[in-house]
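Each residue of the sequence shown is one higher than the last, beginning at 1 in UniProt numbering.
Beta carbons are placed, not taken as given, at the ideal position from N, Cα and C, and that holds for glycine.
Since this is a predicted model, take the numbers as computed values, not measurements.
Working notes, beginning with the structure itself.
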Amino acid sequence: MTPRGAASFNRPLAGFLAPDDPEKLLPLFAAKCRQYMVLGAVDFACALRACRGSGRRWPLVPEIHAKAIICGLSGYRIIGNLLIDLYAKKGFVRRARRVFEELSVRDNVSWVAVLSGYAQNGLGEEAVRLYREMHRSGVVPTPYVLSSILSACTKTELFQLGRLIHVQVYKQGFFSETFVGNALISLYLRCRSFRLADRVFCDMLYCDSVTFNTLISGHAQCGHGDRALGIFDEMQLSGLSPDSVTIASLLAACSAVGDLRKGKQLHSYLLKAGMSLDYIMEGSLLDLYVKSGDIEEALQIFDSGDRTNVVLWNLMLVAYGQIDDLAKSFDIFYRMLAAGVRPNKFTYPCMLRTCTHTGEIGLGEQIHSLTIKNGFQSDMYVSGVLIDMYSKYGWLDKAQRILDMIEEKDVVSWTSMIAGYVQHEFCKEALETFKEMQACGIWPDNIGLASAISACAGIKAVHQGSQIHARVYVSGYSADVSIWNGLVYLYARCGISKEAFSSFEAIEHKEGITWNGLISGFAQSGLYEEALKVFMKMDQAGAKYNVFTFVSSISASANLADIKQGKQIHARVIKTGYTSETEISNALISLYGKCGSIEDAKMDFFEMTKRNEVSWNTIITCCSQHGRGLEALDLFDQMKQQGLKPSDVTFVGVLTACSHVGLVEEGLCYFKSMSNEHGIHPRPDHYACVVDILGRAGQLDRAKRFVEEMPIPADSMVWRTLLSACKVHKNLEIGEFAAKHLLELEPHDSASYVLLSNAYAVTGKWASRDQIRKIMKDRGVRKEPGRSWIEVKNVVHAFFVGDRLHPLADQIYNFLSHLNDRLYKIGYKQENYHLFHEKEKEGKDPTAFVHSEKLAVAFGLMSLPSCMPLRVIKNLRVCNDCHTWMKFTSGVMGREIVLRDVYRFHHFNNGSCSCGDYW
Numbered sequence: 001m002t003p004r005g006a007a008s009f010n011r012p013l014a015g016f017l018a019p020d021d022p023e024k025l026l027p028l029f030a031a032k033c034r035q036y037m038v039l040g041a042v043d044f045a046c047a048l049r050a051c052r053g054s055g056r057r058w059p060l061v062p063e064i065h066a067k068a069i070i071c072g073l074s075g076y077r078i079i080g081n082l083l084i085d086l087y088a089k090k091g092f093v094r095r096a097r098r099v100f101e102e103l104s105v106r107d108n109v110s111w112v113a114v115l116s117g118y119a120q121n122g123l124g125e126e127a128v129r130l131y132r133e134m135h136r137s138g139v140v141p142t143p144y145v146l147s148s149i150l151s152a153c154t155k156t157e158l159f160q161l162g163r164l165i166h167v168q169v170y171k172q173g174f175f176s177e178t179f180v181g182n183a184l185i186s187l188y189l190r191c192r193s194f195r196l197a198d199r200v201f202c203d204m205l206y207c208d209s210v211t212f213n214t215l216i217s218g219h220a221q222c223g224h225g226d227r228a229l230g231i232f233d234e235m236q237l238s239g240l241s242p243d244s245v246t247i248a249s250l251l252a253a254c255s256a257v258g259d260l261r262k263g264k265q266l267h268s269y270l271l272k273a274g275m276s277l278d279y280i281m282e283g284s285l286l287d288l289y290v291k292s293g294d295i296e297e298a299l300q301i302f303d304s305g306d307r308t309n310v311v312l313w314n315l316m317l318v319a320y321g322q323i324d325d326l327a328k329s330f331d332i333f334y335r336m337l338a339a340g341v342r343p344n345k346f347t348y349p350c351m352l353r354t355c356t357h358t359g360e361i362g363l364g365e366q367i368h369s370l371t372i373k374n375g376f377q378s379d380m381y382v383s384g385v386l387i388d389m390y391s392k393y394g395w396l397d398k399a400q401r402i403l404d405m406i407e408e409k410d411v412v413s414w415t416s417m418i419a420g421y422v423q424h425e426f427c428k429e430a431l432e433t434f435k436e437m438q439a440c441g442i443w444p445d446n447i448g449l450a451s452a453i454s455a456c457a458g459i460k461a462v463h464q465g466s467q468i469h470a471r472v473y474v475s476g477y478s479a480d481v482s483i484w485n486g487l488v489y490l491y492a493r494c495g496i497s498k499e500a501f502s503s504f505e506a507i508e509h510k511e512g513i514t515w516n517g518l519i520s521g522f523a524q525s526g527l528y529e530e531a532l533k534v535f536m537k538m539d540q541a542g543a544k545y546n547v548f549t550f551v552s553s554i555s556a557s558a559n560l561a562d563i564k565q566g567k568q569i570h571a572r573v574i575k576t577g578y579t580s581e582t583e584i585s586n587a588l589i590s591l592y593g594k595c596g597s598i599e600d601a602k603m604d605f606f607e608m609t610k611r612n613e614v615s616w617n618t619i620i621t622c623c624s625q626h627g628r629g630l631e632a633l634d635l636f637d638q639m640k641q642q643g644l645k646p647s648d649v650t651f652v653g654v655l656t657a658c659s660h661v662g663l664v665e666e667g668l669c670y671f672k673s674m675s676n677e678h679g680i681h682p683r684p685d686h687y688a689c690v691v692d693i694l695g696r697a698g699q700l701d702r703a704k705r706f707v708e709e710m711p712i713p714a715d716s717m718v719w720r721t722l723l724s725a726c727k728v729h730k731n732l733e734i735g736e737f738a739a740k741h742l743l744e745l746e747p748h749d750s751a752s753y754v755l756l757s758n759a760y761a762v763t764g765k766w767a768s769r770d771q772i773r774k775i776m777k778d779r780g781v782r783k784e785p786g787r788s789w790i791e792v793k794n795v796v797h798a799f800f801v802g803d804r805l806h807p808l809a810d811q812i813y814n815f816l817s818h819l820n821d822r823l824y825k826i827g828y829k830q831e832n833y834h835l836f837h838e839k840e841k842e843g844k845d846p847t848a849f850v851h852s853e854k855l856a857v858a859f860g861l862m863s864l865p866s867c868m869p870l871r872v873i874k875n876l877r878v879c880n881d882c883h884t885w886m887k888f889t890s891g892v893m894g895r896e897i898v899l900r901d902v903y904r905f906h907h908f909n910n911g912s913c914s915c916g917d918y919w
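The structure is reproduced here in structure tokens:
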């Protein structure tokens with residue numbers, strides 16, 4: 001055969017370019033190389049094009065490249081551009097860049113090839129730097145270059161640069177190019193600028209399936225299901241048919257908005273269109289039916305699907321987890337293991353969440369063991385769910401250990417731990433964890449910030465809360481409603497009403513939780529009137545009440561002893577149908593108990609359909625405070641018969657009941673039963689109750705011995721109780737002993753000095769009394785003056801001892817004088833001893849020594865209708881003389897008087913008191 005010349009080789013190579021037949025072209029190129037024929041740039045270009053799109057021919061590319069270098073042709077654009085493209089598509093970006101750098105002359109194709117290579121391989125920052133180099137070189141970018149760099153900006157989240165390139169697109173007139181528009185839409189969807197994405201879409205002259213798919217998937221992923229479905233309608237009107245990617249995105253959109261009907265239509269469409277159900281489509285369909293709660297349809301898809309697809313198994317675990325069917329969840333899990341499908345990092349969290357929701361923490365521990373066995377203990381996602389499970393059930397030490405074991409903690413792990421501490425009121429630990437998270441360089445998300453703010457509210461750390469408030473703006477969560485609700489509660493609970501209202505007004509759409517935060521915050525900070533004002537505004541705004549609204553408002557009324565406002569709220573409870581709520585009934589019992597209406601409290605208790613431990617504790621405490629000790633003890637027995645376990649709070653009420661009715665031995669038996677029968681370790685207030693039981697009964701030596709034998713150090717409450725009993729029973733020896741310890745613990749508490757001073761006064765030790773007063777003066781301790789309040793015609797009137805400031809003072813004293821004359825006639829005698837020496841009373845108006853509660857009662861008798869009981873509140877313990885005076889007054893005037901002092905309630909009626917003169 002005659003040897004071929006160069007022309008005979010070149011003609012076939014050029015001829016095979018058009019039909020693109022690499023199977024014939026590459027052998028010819030190889031033959032030409034073996035014959036040492038002269039190879040031109042076109043030969044190499046033809047050979048490189050033949051290597052496109054085939055992994056089998058890819059190994060030839062480096063060989064062709066090497067031959068081109070030997071021939072001195074590698075710097076030619078026609079070869080270099082192809083090499084850049086081939087290397088970049090295979091991930092050899094450095095080789096592509098080296099070829100780019102070696103080109104003698106670069107054109108737009110060269111720039112596009114290398115920029116696209118960087119963008120496609122996730123090297124967005126390098127692509128951006130190269131684009132800037134191109135810009136400095138004066139090369140005018142083509143639509144393909146701009147499209148590539150926009151993709152790079154999207155992947156690297158350089159959104160501001162992307163916006164600048166958008167401006168250049170308009171300047172260059174490339175906004176009509178579909179692929180450029182698609183890149184812009186992808187950019188704006190990624191940075192959540194949905195309005196700009198939709199605007200680009202509206203300005204595009206022609207939209208292809210990529211355009212619609214991008215928009216649909218972008219909106220669906222961000223939860224904008226309605227918008228995604230609307231774009232699908234536009235796609236159909238444009239005559240474009242959805243592909244599997246579009247259908248999968250639309251199914252996700254239907255899941256997001258809960259549109260099962262539309263989802264079923266799409267399901268029918270893909271079956272009619274003959275689309276194959278790949279693993280993505282199967283997962284999307286199953287996700288739709290699972291989230292819509294159609295378990296039967298979900299199970300059918302699962303049974304007909306690919307059983308090796310772990311995603312389908314996980315979705316079925318989610319399905320049964322949603323309905324808290326733990327048995328079915330474990331059945332699916334065991335079937336999965338039996339089928340040989342290996343659980344992944346999403347499988348175990350599905351099971352753990354179901355265990356969390358159903359309270360099966362023991363089974364959760366077993367799943368935890370499996371995660372360790374299968375090597376998932378260090379996975380951040382699995383660890384985050386474990387932390388959440390343990391922290392929700394109070395296993396905070398275990399949750400903290402898991403957090404400490406994670407090498408690279410993410411924001412979810414930290415946030416779960418912080419939220420767990422807040423949930424169980426370990427607010428200090430929550431803030432320490434929040435601070436530690438920041439020190440590790442992790443920026444908190446909206447949930448973390450909201451939890452930290454709740455922690456600040458829990459311990460009233462307003463300064464730290466204000467710092468987190470500032471951090472909210474820096475972090476970009478200034479529009480998050482949950483954070484603002486937390487701030488409202490924080491400032492309200494700390495009593496900073498101005499900031500609380502400012503945060504409240506910053507929320508455009510106020511929900512029930514917003515109003516409740518303001519009301520409960522004010523109620524807990526002592527701003528009870530503010531809380532009730534907000535409740536009234538809530539009513540005027542037409543906002544919906546819930547259980548928390550009523551509980552907080554009723555509590556505010558109770559703390560103000562405002563029975564009128566409380567009854568109005570009670571009426572609103574009845575009107576809105578919340579009477580069956582246990583928490584509200586508990587609050588109402590407390591309201592009526594604190595306002596002196598014990599019969600109403602009992603009626604609410606006995607009308608409850610369901611009572612919990614708090615219900616029983618509240619009514620027992622109410623009866624104890626109102627002198628109905630035997631009723632309180634009977635209720636305690638009923639509580640135990642109902643199978644409810646008494647708590648430490650229960651025993652405070654029980655011991656107080658024994659104290660107020662003089663049941664000494666019974667009270668001691670109840671105290672011993674706390675630890676012996678119920679496993680409750682007594683707190684200092686329980687010991688104080690026992691001291692009160694013994695002290696009221698006059699058994700002061702026994703009370704002193706009990707204090708000395710306490711297994712824990714006696715606190716100020718215990719010593720103050722003992723000192724008070726000594727004053728009543730005029731026992732100076734033990735009184736001085738108690739006062740010594742009390743003043744060591746609380747050297748600046750005025751009540752301690754006043755008790756000792758009064759003890760000296762009632763025993764006639766005037767010099768000792770004066771010495772105590774001098775010590776108070778020297779130490780700058782001020783006595784809290786006795787004060788009484790009574791409400792008349794919606795106005796609260798306050799009185800001090802010997803008060804002359806009231807506008808009706810003269811009428812009150814005249815009325816009181818005439819009343820005392822009537823009392824003297826039926827046997828009332830003012831007690832001989834007072835807290836003032838005879839010399840101190842000389843030359844003074846006798847009315848200067850009239851106690852505030854007498855003035856309040858006199859004013860009430862003058863002002864209130866005879867059918868209304870008089871309700872008086874005093875900030876100190878009522879004295880013997882005033883107690884006797886009120887008994888006589890109730891008999892002479894035929895009026896019921898309810899006096900609430902600092903210790904208990906006294907109900908005076910028909911000349912007697914509910915305390916039975918044992919108080």
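Among the residues of its own chain, which have a CB less than 8 Å from the CB of residue 809, if the five just before and after it don't count?
Cβ neighbours of residue 809 beyond the five flanking positions: 803.
Would you list the one or two residues that DSSP bridges to residue 874?
788
N- and C-terminal bounds of the alpha helix (DSSP H) containing residue 550
547-560
Answer yes or no: does any C-beta atom of chain B fall closer than 8 Å to that of residue 897?
In the structure shown, chain B cannot be found, because there is only a single protein chain.
Residues in the same chain with beta-carbon distance under 6 Å from residue 81, minus the five sequence neighbours each way, listed in chain order, please.
The answer, listed in chain order, is 109, 110, 113.
Taking the alpha-carbon positions, what's the residue 648 to residue 405 distance?
Distance between the alpha carbons of residue 648 and residue 405: 37 Å.
Any idea if residue 571 is buried or exposed, counting beta-carbon neighbours within 10 angstroms, 16 or more meaning buried?
Exposed: under 16 other Cβ atoms inside 10 Å.
With DSSP collapsed to three states, give me the class of residue 46.
helix
What are the start and end residues of each continuous beta strand (DSSP E) run of 3 or more residues lying completely inside the segment 137-180, in chain order?
none
On the DSSP letters alone, give me the boundaries of the alpha helix (DSSP H) that residue 758 sits inside.
Note, residue 758: alpha helix (DSSP H), 750-762.
From residue 442 to residue 784, what does the alpha carbon distance come to, in whole angstroms?
51 Å
Cutting at 7 Å between CB atoms, please list the residues of its own chain near residue 83, excluding the five before and the five after it.
48, 65, 99
7 Å CB neighbourhood of residue 630 in its chain, flanking five on each side removed
661
Helix, strand or coil for residue 909 per DSSP?
strand
Verify whether the separation of the beta carbon atoms of residue 41 and residue 79 is less than 8 Å.
yes
Taking only the alpha-carbon atoms, compute the straight-line gap between residue 334 and residue 371 and give it to the nearest angstrom.
15 Å
Quick check on the DSSP output: the alpha helix (DSSP H) that includes residue 859 runs from which residue to which?
852-863
Three-state secondary structure (DSSP) at residue 917?
Three-state DSSP puts residue 917 in coil, outside helix and strand.
Cβ-based neighbour list, residue 393, same chain, cut-off 6 Å, excluding 5 preceding and 5 following:
361
Could you check where the alpha helix (DSSP H) with residue 310 kicks off and where it finishes?
310-322
With distance defined between alpha-carbon atoms, name the residue in 567, 899, 137, 330 nearest to residue 790.
Measuring from the Cα of residue 790, the nearest candidate turns out to be 899.
Three-state secondary structure (DSSP) at residue 1?
Any reading at residue 1 needs caution, since the residue's pLDDT is 39, under 50, leaving its predicted position unreliable; the model's value is listed next. Three-state DSSP puts residue 1 in coil, outside helix and strand.
For the beta strand (DSSP E) containing residue 799, list its first residue and its last residue.
It spans 795-800 - the beta strand (DSSP E) in which residue 799 sits, taken as one unbroken run.
Buried or exposed by the 16-neighbour rule on C-beta atoms within 10 Å, applied to residue 654:
By the beta-carbon neighbour count (other beta carbons within 10 angstroms, threshold 16), residue 654 is buried.
Among 320, 287, 293, 906, the one whose alpha carbon lies nearest that of residue 311
287
Measure the alpha-carbon distance for residue 438 versus residue 348 and round it to whole angstroms.
29 Å
Would DSSP call residue 936 helix, strand or coil?
The question about residue 936 has no answer here: the residues shown for the chain are numbered 1 through 919.
Which same chain residues, not among the five before or five after residue 903, have their C-beta less than 7 Å away from its C-beta?
877
Cα-Cα, which of 340, 338, 384 is closest to residue 350?
Measuring from the Cα of residue 350, the nearest candidate turns out to be 384.
For my contact list, residue 477 and residue 431 are in at a C-beta cut-off of 8 Å; report their separation, rounded to the angstrom.
In fact, because the Cβ distance is near 18 Å, the residues do not count as touching under 8 Å.
Which two residues bound the contiguous alpha helix (DSSP H) that contains residue 902?
Taken as a continuous stretch (DSSP letters only), residue 902 belongs to no alpha helix (DSSP H), as it is neither H nor E.
Contacting residues, own chain, Cβ-Cβ under 6 Å from residue 886 (five flanking each side not counted)
897, 908
Given a threshold of 16 other Cβ atoms within 10 Å of its Cβ, counted over all protein chains shown, does residue 168 qualify as buried or as exposed?
exposed
What separation, rounded to the nearest whole angstrom, lies between the Cα atoms of residue 249 and residue 175?
26 Å
By the 10 Å Cβ neighbour count, where 16 or more other Cβ atoms means buried, how is residue 625 classified, buried or exposed?
buried
Return the Cβ separation of residue 871 and residue 596 in integer angstroms, given the expectation that the two are a contact with Cβ distance under 8 Å.
5 Å
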